[in-house]
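A.B. asks: Following this note's numbering, the numbering of the sequence shown begins with 288 at its first residue and continues without gaps. Just so it is clear, CB atoms sit at the ideal spot from N, CA and C, and this is done for glycine as well. This structure is in structure tokens; I'll ask about it shortly.
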Amino acid sequence: MLVQLLVSGIAVGSVYTLVALGMTLLYRSTTIVNFCHGEFFMLGAFGVMVPLQILGWSYPAAIATSLVLLLLVGALTERILIRPLKNAPFVTLAMMTVALSYLLKGVSRFFYGREVVSLPPLLDGDPISLGDWATLFPQDLLVVGATVAVVLGLAFFFSRTRLGKVVQAASQTPRGAALVGINVPLLRNAMWACGAALGAVAGILIAPSTLVYPDMGGTMLIRAFAAMCLGGFGSLPGTIIGGLSLGILENLIGGYVSSALVEITAYLVIVVVLVIRPQGLFGEWRQGRV
């Protein structure tokens, strides 16, 4: 039972990691905590569901449509809502993302109400048995593989490419970056688009394993936020460890204590981390001024 819980926890934690990586990418490049990222996740799932089940498109066409849609949503969000507030306090930017979250959720509820929809698996096949210890589904392997690919891609981008280093420099000293000829607004717009697309990737991957419905982004946002708190805001290794740890912890608590506690595990993690180590496992302590 323990091995099965650990294996399932890694699969679930990979989804949390993938969602949290989209938030981490945006935080590292713009220092903004995006509280509407859960709705980007939800829109990614709906972006596949609508072409697939209503328009009768194939899975590849539906996935491509969803990714393009979320790239546009992310870019337009930055250009129309965030850029005019570039000189506003961080709390104002955070509240704007919260307002957008409720707006997108309200629009989806207007069209779909409380309806829940199931999707066929992206990768079909028989379960993979690991002896008497555990069983894996092909969909779980796809989620883990996609998470590994995204992690490696982001690590390479930020540590090995000139553009990745420019993005980090522009987030730390935007005025200095602008003075040396870097188009900071364009970079931030691109990061918002990429962050939204990462949310869509997570939504596309998890949709076949769960139900698609307008409120699905809220729960995932809390888990992604808990993963970032645990690992440390802005830390790629921390986000990975935080997401996987949260998935394993939820499974162990659900398996050995009570399944009723699974829903509050993320909240408990946030509270404990903020009390004991606010910077997270891999984050840096920053003393702010009031």
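Quick one: is Arg-510 buried, meaning 16 or more other Cβ sit within 10 Å of its Cβ, or exposed?
C.D. replies: By one-based count along the sequence shown, residue 510 stands at place 223. Result: buried.
A.B. asks: If I follow the unbroken alpha helix (DSSP H) through Ala-433, where does it start and stop?
C.D. replies: Position 146 of the sequence shown holds residue 433. Start and end: 425–447.
A.B. asks: Using a Cβ-Cβ cut-off of 6 Å (strictly less than) and excluding sequence neighbours within five positions of Ala-465, which residues of its own chain qualify?
C.D. replies: On the sequence shown, residue 465 is found 178 positions in, with the first residue counted as 1. Excluding positions up to five away in sequence, the list reads Val-471.
A.B. asks: Around the C-beta of Tyr-389, are 16 or more other C-beta atoms found within 10 angstroms, so that it is buried, or is it exposed?
C.D. replies: Residue mapping note: residue 389 aligns to position 102 of the sequence shown, counting from 1. Flag for Tyr-389 reads exposed.
A.B. asks: Please report how far the alpha carbon of Gly-412 lies from the alpha carbon of Ala-514, in whole angstroms.
C.D. replies: Counted from its first residue, the sequence shown places residue 412 at position 125. Counted from its first residue, the sequence shown places residue 514 at position 227. Cα to Cα, the separation comes out at about 31 Å.
A.B. asks: Flag this pair as touching only if the region 290–302 and the region 348–364 have three or more C-beta atom pairs under 8 Å; answer yes or no.
C.D. replies: With the cut-off at 8 Å, the region 290–302 and the region 348–364 do not touch.
A.B. asks: Give the secondary structure of Ile-341 by DSSP, where H, G and I count as helix, E and B as strand, and everything else as coil.
C.D. replies: Counting from one through the sequence shown, the residue named residue 341 turns up at place 54. If DSSP states are grouped into helix, strand and coil, Ile-341 belongs with the helices.
A.B. asks: Could you check the C-alpha separation between Val-438 and Ile-469 for me, to the nearest Å?
C.D. replies: The residue labelled residue 438 in the question sits at position 151 within the sequence shown. The residue labelled residue 469 in the question sits at position 182 within the sequence shown. Going by the C-alpha atoms only, they are around 26 Å apart.
A.B. asks: Under a Cβ-count criterion, where at least 16 other Cβ atoms within 10 Å of its own Cβ denotes burial, should Leu-533 be classed as buried or exposed?
C.D. replies: In the sequence shown, counting from the first residue as 1, residue 533 sits at position 246. Flag for Leu-533 reads buried.
A.B. asks: Taking DSSP as the reference, what is the three-state secondary structure of Ala-421?
C.D. replies: Locating residue 421 in the sequence shown gives position 134, counting from the first residue. In this structure, Ala-421 counts as strand in the three-state DSSP scheme.
A.B. asks: Looking at the structure shown, is Val-320 part of a helix, part of a strand, or coil, going by DSSP?
C.D. replies: As a working note, residue 320 is residue 33 in the sequence shown. The answer is coil: DSSP assigns Val-320 none of H, G, I, E or B.
A.B. asks: Assess, as a yes-or-no matter, whether the region 536–554 is touched by the region 487–495 under the definition of 3 or more beta carbon pairs within less than 8 Å.
C.D. replies: Output reads no: the region 536–554 does not touch the region 487–495.
A.B. asks: For the candidate residues Lys-392, Pro-371, Gly-418 and Glu-326, whose alpha-carbon lies nearest to that of Gln-291?
C.D. replies: Along the sequence shown, one-based indexing puts residue 291 at 4. The option with the nearest alpha carbon to Gln-291 is Gly-418.
A.B. asks: Please determine if the region 324–339 and the region 477–489 are in contact, where contact requires at least 3 C-beta pairs separated by less than 8 Å.
C.D. replies: Result yes; three or more Cβ-Cβ pairs closer than 8 Å.
A.B. asks: Could you give the first and the last residue of the continuous alpha helix (DSSP H) run that contains Tyr-346?
C.D. replies: As a first step, residue 346 is located in the sequence shown; it is residue number 59 there, counting from the start. Here the alpha helix (DSSP H) through Tyr-346 covers 346–363.
A.B. asks: For the alpha helix (DSSP H) that contains Met-478, what are its first and last residues?
C.D. replies: Start at 1 with the first residue of the sequence shown, and residue 478 comes out as number 191. Residues 471–493.
A.B. asks: What number of angstroms, rounded off, separates the C-alpha of Ile-557 from the C-alpha of Leu-410?
C.D. replies: Residue 557 sits at position 270 when you count from the first residue of the sequence shown. Residue 410 sits at position 123 when you count from the first residue of the sequence shown. Roughly 34 Å separates the two Cα atoms.
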